[in-house]
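2 is the number of the first residue of the sequence shown in this note's numbering; add one for each residue after it.
Note that CB positions come from ideal geometry on N, CA and C, so glycine has one too.
It should be emphasised that the depicted structure is a prediction, and the values quoted were computed from it without experimental measurement.
Accompanying notes for the structure given below.
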Amino acid sequence: MEYITRKSLLNESEVEYADYAINHVLGCAHGCKFPCYAFNMTKRFGRVKSYEDWIEPKLVGNAMDLLNKELPRKKDKIESVHLCFTTDPFMYEYEEISDLSVEIIKKLNTEDLKCTALTKGVLPIELADLSKINEYGITLVSLDEDFRKKYEPYTAPYEERIESLYRLHKAGVKTWVSIEPYPTPNIVDQKLQEILEKVSFVDKIVFGRLNYNAAVSDYTNYKEYYNKLSLKVINFCIKNSKEFHIKEGTISEELLEDL
Numbered sequence: 002m003e004y005i006t007r008k009s010l011l012n013e014s015e016v017e018y019a020d021y022a023i024n025h026v027l028g029c030a031h032g033c034k035f036p037c038y039a040f041n042m043t044k045r046f047g048r049v050k051s052y053e054d055w056i057e058p059k060l061v062g063n064a065m066d067l068l069n070k071e072l073p074r075k076k077d078k079i080e081s082v083h084l085c086f087t088t089d090p091f092m093y094e095y096e097e098i099s100d101l102s103v104e105i106i107k108k109l110n111t112e113d114l115k116c117t118a119l120t121k122g123v124l125p126i127e128l129a130d131l132s133k134i135n136e137y138g139i140t141l142v143s144l145d146e147d148f149r150k151k152y153e154p155y156t157a158p159y160e161e162r163i164e165s166l167y168r169l170h171k172a173g174v175k176t177w178v179s180i181e182p183y184p185t186p187n188i189v190d191q192k193l194q195e196i197l198e199k200v201s202f203v204d205k206i207v208f209g210r211l212n213y214n215a216a217v218s219d220y221t222n223y224k225e226y227y228n229k230l231s232l233k234v235i236n237f238c239i240k241n242s243k244e245f246h247i248k249e250g251t252i253s254e255e256l257l258e259d260l
């Protein structure tokens with residue numbers, strides 16, 4: 002694996018569930034084609050040249066050195082750290098990336114800092130031995146393997162993701178699922194209810210629409226479609242005593258006000 006160096010690692014985030022984030026890899030081998038916002042932005046700023054460049058991940062070789070330097074002066078400002086927004090901390094079949102992610106989380110936990118992590122890979126069972134303040138999730142937008150191979154070509158198969166999440170749940174770890182970006186029926190015809198039931202053991206569900214894809218706009222009444230599904234998620238979570246979050250732009254403001 003190729004290595005790069007960076008000048009900073011622990012950076013502030015504008016995302017609501019983590020005020021700080023760590024992205025210790027450049028690129029992502031999963032090669033998602035929704036399209037991928039992280040790839041588009043990274044390419045736009047010249048950090049990668051092409052899709053082929055993007056799917057050859059480069060590990061930040063000085064990640065732990067940076068974390069050891071930055072943590073003492075930033076720790077009092079931090080409530081939660083997320084891995085990762087522009088890459089995947091448990092990239093499928095990249096053990097070196099996964100090992101570094103576990104090492105980073107361990108270090109953050111020594112300062113009693115909560116970590117959240119989201120992956121389209123497999124969550125290692127070693128996470129169960131870390132602090133129980135952490136929360137781990139998988140992205141799951143379908144159960145259709147043909148869809149995965151087309152839009153998430155190098156990610157972990159859906160069943161492997163779910164099984165790794167369930168193992169952590171059984172070990173007493175807080176788990177969540179991100180059902181985002183959820184596709185419209187003209188992309189893949191499926192039932193959201195089946196996905197919800199498949200991950201009914203998790204503590205929290207995040208739901209969000211698919212953006213930046215022309216096929217969504219081509220689907221008649223796509224706004225009504227996402228409103229309907231958002232309400233399905235909300236009702237499912239309320240009925241089963243789960244936390245939930247509907248991503249901005251997925252449900253209409255009028256419906257949100259009525260909830």
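CB of residue i within 7 Å of CB of residue j, strictly
| i | j | result |
| --- | --- | --- |
| V82 | C116 | yes |
| F40 | P182 | no |
| E13 | Y21 | yes |
| V49 | I98 | no |
| Y93 | G122 | yes |
| I79 | L101 | no |
| V103 | E127 | yes |
| T111 | I139 | no |
| E146 | C33 | no |
Length of the line joining the Cα atoms of residue i and residue j
| i | j | result |
| --- | --- | --- |
| L211 | I180 | 10 Å |
| Y220 | E254 | 21 Å |
| Y137 | L68 | 21 Å |
| E195 | K229 | 15 Å |
| E249 | G209 | 8 Å |
| G47 | K240 | 47 Å |
| K8 | K70 | 11 Å |
| L190 | T88 | According to the sequence shown, residue 190 is Asp rather than Leu. Between D190 and T88, the C-alpha separation is close to 28 Å. |
| E160 | D66 | 36 Å |
| K150 | D77 | 43 Å |
| P58 | S51 | 12 Å |
| E53 | H31 | 11 Å |
| L60 | A157 | 20 Å |
| Y223 | V16 | 25 Å |
| G173 | L144 | 25 Å |
| W55 | L256 | 39 Å |
| A129 | M2 | 27 Å |
| N43 | A64 | Sequence check: residue 43 is Thr here, not Asn. Rounded to whole angstroms, T43 to A64 spans 19 Å at the Cα level. |
| K75 | K243 | 32 Å |
| R45 | Y38 | 10 Å |
Residues of its chain near residue i, where Cβ-Cβ distance is below 7 Å and the 5 sequence neighbours each way are ignored
| i | result |
| --- | --- |
| I23 | L10, L11, V82, L84, C85 and I105 |
| A216 | T185, N187 and I188 |
| K175 | E136 and D204 |
| L193 | L230 and K233 |
| Y95 | A30 and P58 |
Residue i classed as buried or exposed, judged by whether at least 16 other C-beta atoms fall within 10 angstroms
| i | result |
| --- | --- |
| T251 | buried |
| P73 | exposed |
| K171 | exposed |
| S288 | Examination of residue 288 is not possible in this model, given that the chain is present from 2 through 260 alone. |
Cut-off 8 Å between Cβ atoms - residues of its own chain near residue i, not counting five sequence neighbours on either side
| i | result |
| --- | --- |
| Y18 | S81, H83, T117 and H246 |
| G62 | Y4, I5 and T6 |
| F91 | I98, S99, S102, A118, T120, G122, V123, L124 and P125 |
| K107 | L131 |
Neighbourhood of residue i by C-beta distance below 6 Å, restricted to the same chain and skipping five residues each side
| i | result |
| --- | --- |
| S218 | none |
| F237 | L197 |
| L109 | V82 and C116 |
| Y213 | P36 |
| F148 | V189 |
Chain E contact for residue i (CB, 7 Å cutoff)
| i | result |
| --- | --- |
| V123 | The structure shown contains no chain E, having only a single protein chain. |
Contact belief for residue i with residue j at Cβ below 8 Å, rounded distance in angstroms
| i | j | result |
| --- | --- | --- |
| L124 | L169 | 6 Å |
| V178 | I206 | 6 Å |
| V200 | I163 | 7 Å |
| Y167 | F202 | 6 Å |
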